[in-house]
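J.: First the structure, which I've put down as structure tokens, then a few questions once you've had a look.
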Amino acid sequence: MEQVNITPNLIKHYADYLRLELSLSDNSVEAYCHDAHLFLQYLEAEKVSTDINAITQETIENFFAYLFDLNIGATSQARILSGLKSFWRYLTQEEIAEKDPTLLISSPTLGRHLPEVLSYEEIQKMIDSIDLSQPIGHRNKAMIEVLYGCGLRVSELINLQISDIYKEDGFLRIFGKGSKERLVPIGDSSLKILFQYIEGARQHITPKPKFTDTVFLNSRGTGLTRQMVFLIVKDLAEKNGIDKTISPHTFRHSFATHLLEGGANLLAVQQMLGHASVSTTEIYTHISDELLRDTLTTYHPRFKKC
Numbered sequence: 145m146e147q148v149n150i151t152p153n154l155i156k157h158y159a160d161y162l163r164l165e166l167s168l169s170d171n172s173v174e175a176y177c178h179d180a181h182l183f184l185q186y187l188e189a190e191k192v193s194t195d196i197n198a199i200t201q202e203t204i205e206n207f208f209a210y211l212f213d214l215n216i217g218a219t220s221q222a223r224i225l226s227g228l229k230s231f232w233r234y235l236t237q238e239e240i241a242e243k244d245p246t247l248l249i250s251s252p253t254l255g256r257h258l259p260e261v262l263s264y265e266e267i268q269k270m271i272d273s274i275d276l277s278q279p280i281g282h283r284n285k286a287m288i289e290v291l292y293g294c295g296l297r298v299s300e301l302i303n304l305q306i307s308d309i310y311k312e313d314g315f316l317r318i319f320g321k322g323s324k325e326r327l328v329p330i331g332d333s334s335l336k337i338l339f340q341y342i343e344g345a346r347q348h349i350t351p352k353p354k355f356t357d358t359v360f361l362n363s364r365g366t367g368l369t370r371q372m373v374f375l376i377v378k379d380l381a382e383k384n385g386i387d388k389t390i391s392p393h394t395f396r397h398s399f400a401t402h403l404l405e406g407g408a409n410l411l412a413v414q415q416m417l418g419h420a421s422v423s424t425t426e427i428y429t430h431i432s433d434e435l436l437r438d439t440l441t442t443y444h445p446r447f448k449k450c
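Below, the structure written as structure tokens:
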């Protein structure tokens, strides 16, 4: 079959099909096409092939991991998945696509869904397994340290600048959603590993002009993509036999979970995560049943031991 790429023009033909063949309203057509355009934007931003028949189930799953990292909720994700399924029904019906990679993708569970949490031991196991005989290993180790040690979003990680590291004070200046600025503390051990990479392995890479200040670089001297970080995390999990569905965001969630389980103040965690509302922090954090029972046993008069 001749290669056909997803393009704005193809989506326009899809819109005509929805309007003329299915008689959908203008609002519905606009919503469905928005989902197709969003997927195309993701492919282009992450430099993933737009060849329709090269897109696999894993491509779709990575796309939804990307949406999750953008804090797009389950309800919106379910709607977007419905839009993509409709798009591929059109592509297969018109014999533009050979297969439908969305068939086995399940709609995300609606409601207060909490992602997987890695234990401290699992995270340490992943870090310890990184091959430091290669320069890329020092970069990957520093990446995991910063993701978990500072609770960053993947977009914040890949956009981190050397000039935004306040080494003496132990803080990172982070630009979050809407370029909102915040200071995030970084521990001594994570800071040490970060600078071992910056002053070591990174020195062997010649950054492209736009990336001279970017912390995490690929071998070509440009910044990393979300997709690259996702694959690095996924490979490390598989290598260590961690049977959990994880993404870079899992380290952010684990960061908040471990802080709260250790007794950290919720408002302090909110500030470090860069959440506008504490209710968002509550959704992205998780207190174990064991900790809840221990709290009840320790402080409630009816549960105190005689």
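The opening residue of the sequence shown carries number 145 in our numbering; numbering runs sequentially from there. Each residue gets a CB set at the ideal place from its N, CA and C atoms; glycine is no exception.
Under the rule that 16 or more other beta-carbon atoms within 10 Å means buried, what is residue 164, buried or exposed?
T.: exposed
J.: Under 7 Å between the Cβ atoms of residue 279 and residue 345?
T.: yes
J.: Tell me which residue opens and which closes the alpha helix (DSSP H) that residue 318 is part of.
T.: That residue, residue 318, is in no alpha helix (DSSP H); its beta strand (DSSP E) goes 315 to 319.
J.: Quick check: the Cα distance between residue 187 and residue 202, rounded to an integer number of angstroms?
T.: 13 Å
J.: For residue 431 and residue 261, what's the separation of their Cα atoms in angstroms?
T.: Any reading at residue 431 must be qualified, since the residue scores a pLDDT of 49, below 50, and its modelled position is unreliable; no value is offered.
J.: Kindly list the residues whose CB is nearer than 7 Å to the CB of residue 159, restricted to its own chain and excluding five residues on each side of it in sequence; keep chain order.
T.: 173, 177
J.: Does DSSP put residue 194 in a helix, a strand or coil?
T.: coil
J.: Along the chain, where does the alpha helix (DSSP H) that runs through residue 214 open and close?
T.: Per DSSP, residue 214 belongs to no alpha helix (DSSP H) and is neither H nor E.
J.: Does residue 160 come out as helix, strand or coil in the three-state DSSP assignment?
T.: In the displayed model, residue 160 falls within a helix according to three-state DSSP.
J.: Answer yes if the segment 301 to 320 comes into contact with the segment 366 to 374, meaning at least three C-beta pairs across the two stretches below 8 Å, and no otherwise.
T.: yes
J.: Span of the alpha helix (DSSP H) holding residue 327?
T.: Residue 327 -> not in any alpha helix (DSSP H); beta strand (DSSP E) instead, spanning 325 to 329.
J.: Kindly indicate the opening and closing residues of the alpha helix (DSSP H) around residue 334.
T.: Start and end: 332 to 342.
J.: Rounded to whole angstroms, what's the CA-CA distance from residue 147 to residue 240? Just pull it up for me.
T.: 9 Å
J.: Nearest-angstrom Cα distance between residue 256 and residue 397?
T.: A caution first: residue 256 carries a pLDDT of 48, below 50, which makes its placement in the model unreliable, though a value can still be read off. When rounded, the distance between both Cα atoms is 14 Å.
J.: On the DSSP bridge assignment, give the partners of residue 149 in chain order.
T.: 195
J.: Is it buried or exposed for residue 412, if we count other Cβ within 10 angstroms and need 16 for buried?
T.: exposed
J.: Please classify residue 364: is it buried, with 16 or more other beta-carbons within 10 angstroms of its beta-carbon, or exposed?
T.: exposed
J.: May I have the straight-line CA-CA distance separating residue 283 from residue 268, to the nearest angstrom?
T.: 16 Å
J.: In three-state DSSP terms, what is residue 386?
T.: coil
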